[in-house]
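Taking it in order: structure first as structure tokens, then the write-up.
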Amino acid sequence: MPLLEVKNMSHDFGGLRAVSDYNLVIEPGQVRGLIGPNGAGKTTVFNLLTGVYRPTEGEILLEGKNIVGLQPYQIASMGLGRTFQELRLWRHMTVLEHVKMARYSKLGYGLIGAFLGTPKRHRKEADNESKAYALLEMLGILQLADQVVTNLPYGAQRRVEMARALAMEPKILFLDEPTAGMNPEELIQMMKIIREIKDRFGLAIFLIEHRLRMVMELCEVIQTLVFGKVIAEGNPEQIQKNPKVIDAYLGTETVE
Amino acid sequence: MAENNGGGSVWVRTGQILTAFFSPIPLLGWLSGAVFAIFLEHIIGNSLAVLLGLPKIPVLFGFVIALKEPTLIPGAIAYVSLIFVIPICIIGRLSSPVTNLVAEKLLKLPLFFSVVFHVGILYGVLHFWSDISPYRVLTLKLTLIAVMMTLSLNVINGYMGEFSCSHPGFMALGAYAASVFSLVFFTKDRIFGEPLLSPVLGPFMFPLALIFGGMVAALGAMVIAIPSFRTRGDYLAIISLAFMFIVKSMIENLEVVGGPRGLSSQPNWANLPTVFIWTVLCIWIINNFVRSTLGKALNAVRDDEMAADAMTVNTRRTKMVAFLFAAFWAGVSGGLFAHVLRYVNPSTFGLQKLAEVLAMVYFGGLNSVYGSIVGAVSLSILGEMLRPLEIYKWIFIPLLLILVMIYRPTGLIAFKEFDVRSIVHPRKRDKE
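Those protein sequence lines, which keep their order, are chains A and B.
Per my numbering, numbering of the first sequence is gapless, rising by one per residue and ending at 1129.
Per my numbering, numbering of the second sequence is gapless, rising by one per residue and ending at 916.
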């Protein structure tokens, strides 16, 4: 059974068909890429799959269960983690609090525990905290644990987002342009981190990226989305050679 | 320029000396100083006041007489320095080796003992301080109630980042519900007749009355929360403001509870220990909540709701729970308020009350338990001080608020964690 399966998903914004007849199969442990020019609907696809929007038509099956119509937090706690293109960090919270917060659905204590500070709560919070520290160490931001995120450099903020998404213990991780705005050095580190995550946790990864080099190196299967339609799907070589992709994505202008 | 620098360095040096002098004093040291000061006041307070030409002991550190009889200000300042400031500093500093040791020993036991010990002494200090005059007792009780109100509103306006205007409404619901509860069950009253249960049970059932008041307030909060938490934005501010007026006019038109004349003769159960215990309980529970990951979810929802949602946080439930929780405490504080004054009328819970509690929250600091305590206490004292100005005090308090908003937009002590362990922790002299 595939981990995530999308069947004939379409979505309209008013009269505009933003995504039409989208199909996707992700197997456990697979790394998939989604590329396309600006405004092609890549982030919309992410938002549809994570429950931010409800698709107009179609089915989304996560481990065989239909998740259309569920709230984003429900889908997230079923094992679908994500990062955002435009860093959505909580500006008054520390790095450690970010990572702990993502374990909200795994806290293991209720309101009574929160109000009264029961021993159970302290045990669970300590447990939660040690797991958070382990993740911070893995991503190389342990020394920043008590910093408020707004004080951090951009590359570190990206890592915080990654740590936060991993703290949910997802089965599949959606990365929306994880290297946007990064310099070449940070880019190489981010690629290393993504590989490490994949090896360590055996996660499936679904990646939106603008930098072809990164997609070509990391992904096993790549889809190309143009105006809400998938125009090509295949492994990196096939995509690079596909004339439609070259036409739509890389541009038609010939270099003299 | 040079002079300026020189002046600056003098200030800096004075600051350093003061810091060096005060930094080794733990909370326990300050409390011992306060205990000493209170006994000093009991023993020589009256004679010192006469000596300094004051008609009687200045009840609120001289704040109250400052505007009534300005000629007495120097005497009041001298009195407060001689009885409170100087003894507290000196005793605090002198006792610091002992108090540090005691605090350290106490921390070896579970934190609970340390906290109970400190809170116990604090209560003793407040009790004997307020013993001097009934005015002190009343002011103290109302201040403690204001702390509860401010803290619970801070949960919504600060921690959750929504703007709610309904706190006076919740307080009114709590006040009337708790009053009706104690009048119907435990008191002979001209509206509700003979008590249903033996009045002897009354004081023991008072917590139930307060909890009932809180529950009714929380029920009212549900009416607001269901429609307004579907989306974000200004809906809550508008709906909650409307709610406040609805509650007020509903009570005004409810003849059973006295209508606009108000409801009186509540039993005298809200003595100082009761109010104090409820306030401590409120601070403890709210602080527990906002420091847990469940409570921090409020901050996540405030700072970025979409991200919170994507990180498995049930945002709607989080907001509902916090709103109802805050309303509950507003209701409890309302119940206490009614039993302290032993009279409530609906016009108490209007715009003026709202302005007061909002001022306390924003003056003290958003997202901060410290801030709420500081805001509630300082504005309560300021309110007493400005009382001679009557309605004109509402020129000064908003002015102060505007200044705070300009220079510290989030309030005096915003975004600071109230960590009980570090508060009761012994202070070490930094020799290294």
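Where a beta carbon is used, it is the ideal one built from N, C-alpha and C, also for glycine.
> What is the DSSP secondary structure of B:Y719, counted as helix, strand or coil?
Replying inline: Reading the second sequence from its first residue, position 235 is the one you call residue 719 of chain B. Three-state result, B:Y719: helix.
>> If I measure Cβ to Cβ from B:G513 and keep anything under 6 Å in the same chain, skipping five residues before and after, which residues do I get?
In response: For the purposes of this step, residue 513 of chain B is taken as residue 29 along the second sequence, with counting starting at 1. Correct list, in chain order: G576, S579, S580 and T583.
> Among A:V1022, A:A1007, A:T929 and A:L1017, which one has its Cα closest to the Cα of A:G887?
Replying inline: Mapped onto the first sequence, residue 887 of chain A falls at position 14. It is A:T929 whose Cα lies nearest to the Cα of A:G887.
> So what does A:Q1096 bridge to, in DSSP terms?
Replying inline: As a working mapping, residue 1096 of chain A is identified with position 223 in the first sequence. According to DSSP, which records beta bridges pairwise, A:Q1096 is partnered with A:L907 and A:E1106.
> In this structure, what does DSSP give as the bridge partners for A:H884?
Replying inline: If you number the first sequence from 1, residue 884 of chain A lands on position 11. Paired residue(s): A:V892.
> Where does A:A1077 fall in DSSP's three states?
Replying inline: For the purposes of this step, residue 1077 of chain A is taken as residue 204 along the first sequence, with counting starting at 1. If DSSP states are grouped into helix, strand and coil, A:A1077 belongs with the strands.
>> I want to check one thing, is the minimum distance from the CB of A:L1080 to the heavy atoms of the ligand FMN below 6 Å?
In response: Looking at this structure, you won't find the ligand FMN or any other ligand, since it has none at all.
>> Using the Cβ count rule (16 or more neighbours within 10 Å means buried), how would you classify A:D1049?
In response: As a position in the first sequence, residue 1049 of chain A is number 176, starting the count at 1. Label assigned to A:D1049: buried.
> Is there at least one Cβ from chain B nearer than 7 Å to A:L980's Cβ?
Replying inline: Against the first sequence, residue 980 of chain A aligns to sequence position 107. Answer yes: the Cβ-Cβ gap between A:L980 and chain B drops below 7 Å somewhere.
>> Using only CA atoms, which one of A:M1064, A:A987 and A:A1105 lies nearest to A:G904?
In response: Taking the first residue of the first sequence as position 1, residue 904 of chain A is located at position 31. A small correction: the amino acid at residue 904 of chain A is Val; Gly does not occupy that position in the sequence shown. Nearest of A:M1064, A:A987 and A:A1105 to A:V904, Cα basis: A:M1064.
> If we count Cβ pairs, one from each stretch, closer than 8 Å, do we get three or more for the region 1038-1056 of chain A versus the region 940-947 of chain A?
Replying inline: no
>> Contact defined as beta carbons within less than 8 Å: I believe A:K973 pairs with A:A1005. What is the distance between those atoms, to the nearest angstrom?
In response: For the purposes of this step, residue 973 of chain A is taken as residue 100 along the first sequence, with counting starting at 1. For the purposes of this step, residue 1005 of chain A is taken as residue 132 along the first sequence, with counting starting at 1. Their Cβ separation, rounded to whole angstroms, is 5 Å, which keeps A:K973 and A:A1005 in contact under 8 Å.
> Is there contact between the region 678-690 of chain B and the region 842-855 of chain B, where contact requires at least three CB pairs shorter than 8 Å?
Replying inline: no
> Can you give, in chain order, each stretch of the beta strand (DSSP E) that sits fully within the region 941-1016 of chain A and has at least 3 residues?
Replying inline: 953-955
>> Nearest by alpha-carbon distance to A:L1098: which of A:L876, A:G937, A:N896 and A:M874 is it?
In response: Translated into the one-based positions of the first sequence, residue 1098 of chain A becomes position 225. It is A:N896.
> Among A:F1074, A:I1066 and A:R1031, which has the Cα closest to the Cα of A:M1041?
Replying inline: Locating residue 1041 of chain A in the first sequence gives position 168, counting from the first residue. Selected option, being the one with the closest Cα: A:F1074.
> For the alpha helix (DSSP H) that contains B:G653, what are its first and last residues?
Replying inline: On the second sequence, position 169 is the one that residue 653 of chain B refers to. That run of the alpha helix (DSSP H) goes H651 to F670.
> Is any beta-carbon of chain A found at less than 7 Å from that of B:S862?
Replying inline: Along the second sequence, one-based indexing puts residue 862 of chain B at 378. B:S862 does not count as touching chain A.
>> Given this structure, state the Cα-to-Cα distance separating A:S893 from A:L1091, to the nearest angstrom.
In response: Within the first sequence, the letter at position 20 stands for residue 893 of chain A. Within the first sequence, the letter at position 218 stands for residue 1091 of chain A. Taking the straight line joining both Cα atoms gives about 26 Å.
> For B:E840 versus B:L720, is the C-beta distance shorter than 7 Å?
Replying inline: Residue mapping note: residue 840 of chain B aligns to position 356 of the second sequence, counting from 1. Residue mapping note: residue 720 of chain B aligns to position 236 of the second sequence, counting from 1. Result no, Cβ atoms of B:E840 and B:L720 do not sit closer than 7 Å.
> What are the boundary residues of the alpha helix (DSSP H) that includes B:E646?
Replying inline: By one-based count along the second sequence, residue 646 of chain B stands at place 162. Where B:E646 is concerned, there is no enclosing alpha helix (DSSP H), given that its DSSP letter is neither H nor E.
> Among residues of its own chain, excluding the 5 on either side of B:G490, which ones have a beta-carbon nearer than 7 Å to its beta-carbon?
Replying inline: Locating residue 490 of chain B in the second sequence gives position 6, where the first residue counts as 1. Model confidence at B:G490 stands at a pLDDT of 49, short of 50, so the residue's coordinates are unreliable and nothing is read from them.
> What does B:T799 reach in chain A if we use C-beta pairs closer than 8 Å?
Replying inline: As a working mapping, residue 799 of chain B is identified with position 315 in the second sequence. Correct list: Y946.
>> DSSP three-state label for A:K1044, please.
In response: As a working mapping, residue 1044 of chain A is identified with position 171 in the first sequence. Coil at A:K1044, not helix or strand.
> According to DSSP, which residues form a beta bridge with A:E878?
Replying inline: The residue given as residue 878 of chain A occupies position 5 in the first sequence. Answer by DSSP bridge pairing, in chain order: A:V898 and A:L934.
>> Distance check for B:M699 and A:V968, CA to CA, integer angstroms please.
In response: For the purposes of this step, residue 968 of chain A is identified with residue 95 of the first sequence, where counting begins at 1. For the purposes of this step, residue 699 of chain B is identified with residue 215 of the second sequence, where counting begins at 1. Spanning the two alpha carbons is a distance of roughly 37 Å.
> In its own chain, which residues sit with a C-beta less than 6 Å from the C-beta of B:H823, not counting the 5 before and 5 after it?
Replying inline: As a position in the second sequence, residue 823 of chain B is number 339, starting the count at 1. Hits under 6 Å: Q750, W753 and A754.
>> So if I threshold CB-CB distances at 7 Å, which residues from the region 776-788 of chain B count as touching chain A?
In response: S776, T777, L778, G779, K780, A781, N783, A784, D787 and D788
>> With distance defined between alpha-carbon atoms, name the residue in A:V1021, A:L877 and A:F1047 nearest to A:K1071.
In response: Here residue 1071 of chain A corresponds to residue number 198 of the first sequence, with the count starting at 1. The option with the nearest alpha carbon to A:K1071 is A:F1047.
> chain B beta carbons: is any one of them nearer than 7 Å to that of A:M974?
Replying inline: To locate residue 974 of chain A, count along the first sequence from 1; it is residue 101. For A:M974, the answer is yes, since a Cβ of chain B falls inside 7 Å of its Cβ.
> Hey, does B:M644 have any beta-carbon neighbour from chain A nearer than 7 Å?
Replying inline: In the second sequence, the residue the question calls residue 644 of chain B occupies position 160. Not one chain A Cβ lies under 7 Å of B:M644.
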